[in-house]
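Report on the following structure.
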Amino acid sequence: MAKNIKTRKDDYAQWYLDVIKAAQLADNSPVRGCMVVRPEGYAIWEAIQRDLDRRFKETGHINAYFPLLIPQSFLAKEAQHVEGFAMECALVTHTRLQKNPNGSGIQVDPSSKLEEPYVIRPTSETIIGHMYSQWIQSYRDLPVLINQWANVMRWEMRPRLFLRTSEFLWQEGHTAHETADEAQEETMRMLDVYASFVQETLAIPVVKGKKSEAEKFPGAVDTYTIEAMMQDGKALQAGTSHYLGQNFAKAFDIKFLGRDQKQNHVYTTSWGVSTRLIGAMIMAHSDDEGLVLPPNVAPIVVAIVPIFKSDEERATVTGFINQMLTQLVGADEVAAGDKRKSGDDIKSYFFDKQTNQRIVVDLRDTRPGDKQYHWEQRGVPFRIEVGPRDVASNAFVLKRRLDRSKNVGNLSQVSADWLRAQLADVHRAMFDKARAFRDDNIRTAKSYDEMKQILQEKGGFVRAYFEPSMDVEKRVKDETKATVRCIPFDQPSQAGTDIVTGQATKTQVLFAQAY
RNA sequence: CGGGGUGUAGCUCAGCUUGGUUUAGAGCGCUUGGUUCGGGACCAAGAGGUCGAAGGUUCAAAUCCUUUCACCCCGACCA
Numbered sequence: 203m204a205k206n207i208k209t210r211k212d213d214y215a216q217w218y219l220d221v222i223k224a225a226q227l228a229d230n231s232p233v234r235g236c237m238v239v240r241p242e243g244y245a246i247w248e249a250i251q252r253d254l255d256r257r258f259k260e261t262g263h264i265n266a267y268f269p270l271l272i273p274q275s276f277l278a279k280e281a282q283h284v285e286g287f288a289m290e291c292a293l294v295t296h297t298r299l300q301k302n303p304n305g306s307g308i309q310v311d312p313s314s315k316l317e318e319p320y321v322i323r324p325t326s327e328t329i330i331g332h333m334y335s336q337w338i339q340s341y342r343d344l345p346v347l348i349n350q351w352a353n354v355m356r357w358e359m360r361p362r363l364f365l366r367t368s369e370f371l372w373q374e375g376h377t378a379h380e381t382a383d384e385a386q387e388e389t390m391r392m393l394d395v396y397a398s399f400v401q402e403t404l405a406i407p408v409v410k411g412k413k414s415e416a417e418k419f420p421g422a423v424d425t426y427t428i429e430a431m432m433q434d435g436k437a438l439q440a441g442t443s444h445y446l447g448q449n450f451a452k453a454f455d456i457k458f459l460g461r462d463q464k465q466n467h468v469y470t471t472s473w474g475v476s477t478r479l480i481g482a483m484i485m486a487h488s489d490d491e492g493l494v495l496p497p498n499v500a501p502i503v504v505a506i507v508p509i510f511k512s513d514e515e516r517a518t519v520t521g522f523i524n525q526m527l528t529q530l531v532g533a534d535e536v537a538a539g540d541k542r543k544s545g546d547d548i549k550s551y552f553f554d555k556q557t558n559q560r561i562v563v564d565l566r567d568t569r570p571g572d573k574q575y576h577w578e579q580r581g582v583p584f585r586i587e588v589g590p591r592d593v594a595s596n597a598f599v600l601k602r603r604l605d606r607s608k609n610v611g612n613l614s615q616v617s618a619d620w621l622r623a624q625l626a627d628v629h630r631a632m633f634d635k636a637r638a639f640r641d642d643n644i645r646t647a648k649s650y651d652e653m654k655q656i657l658q659e660k661g662g663f664v665r666a667y668f669e670p671s672m673d674v675e676k677r678v679k680d681e682t683k684a685t686v687r688c689i690p691f692d693q694p695s696q697a698g699t700d701i702v703t704g705q706a707t708k709t710q711v712l713f714a715q716a717y
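Just so you know, the first sequence maps onto residues 203 to 717 in this note's numbering.
Okay, here's the thing in structure tokens:
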């Protein structure tokens, strides 16, 4: 039992925070609601970036960067947009500080007040729309397919590490198209990219669907989402893709001369995922012993723990480990790794230089048990234990983080391909486990009472016939805390009865409490 | 913004009711040395605090009073 981590059963919220702390992914900062992403956590974000960026490029997108500050007036140009974000905007109103004339310290210099305040971007549709209006003149300029990796700020009342922080890191794609069809196609394409990424890389199964009017992005015509289920049965929106129609094009006057020789407004999309994905990954996979990392984003794939007492034993064990490393990463990388600087006695060797994934050998002067817990809590997919007994039989002990299983292996079988196969197995097993859990926790309700009972007694997602509408959703939320997570793409062929209003409807939705 | 609560070592907290044997403490963590080492060791020594801040009462304040700041929880609000 991990002694620094509360169990999920005892206190799920505390467990989540304990896992983050134990794995050193992030820390609270002096600024309320803003987190410090520590190296272990940032490495996961880099892995997410690397993988997603490749997928964006493969679908024709390119990166650019727009400023952090947005003129306040820009935000107001799209009515729904400003309404949606007004409550959570931080403003820059002055440009200078001065010494406090009444004593020590500093204060705002009143003479530096800005004519028009800047908003720290909560999202960048407005400033990007402004630029697009200048860049786009002709149908020949379309489509514009730009993504940016950035930080944004939304002044949240209830921050939680990774899941909802006042400042967070994300990517936002912003595209402009000649036709509605093309823009809608783009919206769906990126939703699919997100779904594939989350499933293939983070091993989290998702439900694809459309948001109801009440839940959609401020200023969007349609918002599409991938929804994931956490281990407490709550839903987490893992990514969104918005079809913005001509709303922003009209607000920012993004026009082009069309093939029809007429001025037309473009059709735009935007789509984003954030560091929240790291929160999703933690909540979907980790256990009471700590973090469990999906192999594809694990910065360290194997931690080798040597066991020895005497100097002679140390020499034989490290010699054996060197041979093993050579088989895994090649002699050149072993030599390079031996020379590489490290702050402690943890040696590090690249297993895959493209993904920066490493194998480490833990030579610190601590007890083997400490090392086991150390790497286990950090979610490293595999640990390899090598002691004198193993060396004598040309063997090692392979410990798998996912199920904490223990198997004896033989040195002769070790190779890069062998390890890749092991990692792929873990990925599959993680995905299957998460999917089985999710599927077990999606229940169908035939009546509102039944839904209430399910939500209260079991949690999870509830699938039901329901015609989304602002009023009724509000009522359901007040009464059950559950919201319409999405209108899934796979809809039944037959109509049914709306569980709340009793009206006939063809629409089924997923209800759940959400983060 | 309403209701409640908390500020004492890096972390978790005791001490406050009833001011003075507390020279401000404990556990964890950290440093050093030794014994250990196949799932969180043990022994010894040590570093670390203007008790959130300011003011007041008193011979004497972590403790009582006033003011103030910060944070947390519940509501409201919200990707």
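Where a beta carbon is used, it is the ideal one built from N, C-alpha and C, also for glycine.
Between the C-alpha atoms of residue i and residue j, what's the straight-line distance to the nearest angstrom?
i	j	result
W337	L344	10 Å
F522	K543	22 Å
L459	V346	15 Å
A626	H332	45 Å
R478	I250	11 Å
I222	L493	8 Å
W577	V519	19 Å
F596	A517	Residue identity check: residue 596 is Asn in the sequence provided, not Phe. So the two alpha carbons sit approximately 15 Å from each other.
T261	S313	49 Å
A482	G532	35 Å
R566	I548	6 Å
D220	R240	15 Å
L227	F258	26 Å
F633	A430	12 Å
Q556	D229	28 Å
P670	I264	36 Å
A500	H444	30 Å
T528	Y396	37 Å
I272	M289	16 Å
P361	S368	7 Å
R366	E358	7 Å
H467	W217	50 Å
T703	I656	19 Å
F668	T699	7 Å
D355	T325	Here the sequence assigns Met to residue 355, which means Asp is not the residue at that position. Distance between the alpha carbons of M355 and T325 is about 8 Å.
Which first and last residues belong to the beta strand (DSSP E) in which residue i is found?
i	result
G411	409–412
A422	Per DSSP, A422 belongs to no beta strand (DSSP E) and is neither H nor E.
F458	457–459
R687	685–690
N349	346–355
N466	465–467
G375	369–379
F713	710–714
P273	271–273
L174	What is shown of the chain runs 203 to 717, which leaves residue 174 out entirely.
Buried or exposed: which applies to residue i, given that a residue is buried once 16 or more other Cβ atoms fall within 10 Å of its Cβ?
i	result
K648	exposed
I246	buried
S398	exposed
G441	buried
F691	exposed
Y267	exposed
N206	exposed
P269	exposed
A638	exposed
R560	buried
For the alpha helix (DSSP H) containing residue i, name the first residue and the last one.
i	result
F633	618–642
E280	Unbroken run through E280: none, as it is neither H nor E.
G661	Here G661 belongs to no alpha helix (DSSP H), and DSSP marks it neither H nor E.
K223	214–224
Y334	327–337
A517	513–531
K315	Note, K315: premise wrong, no alpha helix (DSSP H); beta strand (DSSP E) at 315–322.
I480	478–487
A453	449–453
Report the partner residues of residue i according to the DSSP bridge assignment.
i	result
P670	BP columns for P670 are empty, so no partner.
D229	V238
S443	Y426, W473
N265	N349
K301	I308
G492	D489
Report whether the distance from the Cβ of residue i to the nearest heavy atom of the ligand ADP is below 7 Å.
i	result
L493	Among the components modelled here there is no ligand, and therefore nothing to report on the ligand ADP.
- Item | Every unbroken beta strand (DSSP E) within the region 540–612, with a cutoff of 3 residues, ordered by chain | 548–554, 559–564, 584–588, 597–602, 607–612
- Which parts of the region 382–410 are runs of the alpha helix (DSSP H), unbroken and 4 residues or longer, counting only runs that do not cross its ends? 382–402
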